[in-house]
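Numbering (my numbering), first residue to last: 195 to 259.
Glycine is no exception: its CB is placed at the ideal position from the N, C-alpha and C atoms.
None of the values given here were measured: they were computed from a predicted structure.
Heads up, the thing below is written out as structure tokens.
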Amino acid sequence: MDKPVAKTPKYAIVNGDEATFAELLPHTNGDTTIVVYTDASGKRFYATEDEWSHGGREFSTKAAR
């Protein structure tokens, strides 16, 4: 059975900078997924789902101020 998919935040704070979600890529083992994102200059990077989720919460907190 597939695990439930949580909503992936569109924006996150990664290493202190704002980042924008680009895509999810599953690992070949099917157990994990990475988040591909872009920084302000358009460079592409990846983070674990946990890192991205944490950054998404941080972005939401910052945006609510």
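Grouping DSSP H, G and I as helix and E and B as strand, with all else coil, what is M195?
To locate residue 195, count along the sequence shown from 1; it is residue 1. Since pLDDT at M195 reaches only 37, below the 50 mark, its modelled position is unreliable, and the value read off the structure follows with that caveat. Here M195 sits in coil by DSSP.
Enumerate in chain order the residues of its own chain whose CB-to-CB distance from K204 is below 6 Å, with the five nearest sequence positions on each side excluded.
As a first step, residue 204 must be located in the sequence shown, where it is residue number 10. The answer, listed in chain order, is F215.
Leaving aside the five residues before and after D211 along the sequence, list all residues of the same chain whose C-beta is less than 8 Å from its C-beta, in chain order.
For the purposes of this step, residue 211 is identified with residue 17 of the sequence shown, where counting begins at 1. Result list for D211: D233, A234, in chain order.
Where the beta strand (DSSP E) through T211 begins and ends:
Along the sequence shown, read from residue 1 onward, the residue named residue 211 stands at position 17. In the sequence under discussion, the amino acid at residue 211 is Asp, which differs from the Thr named in the question. Where D211 is concerned, the enclosing beta strand (DSSP E) stretches over 211-220.
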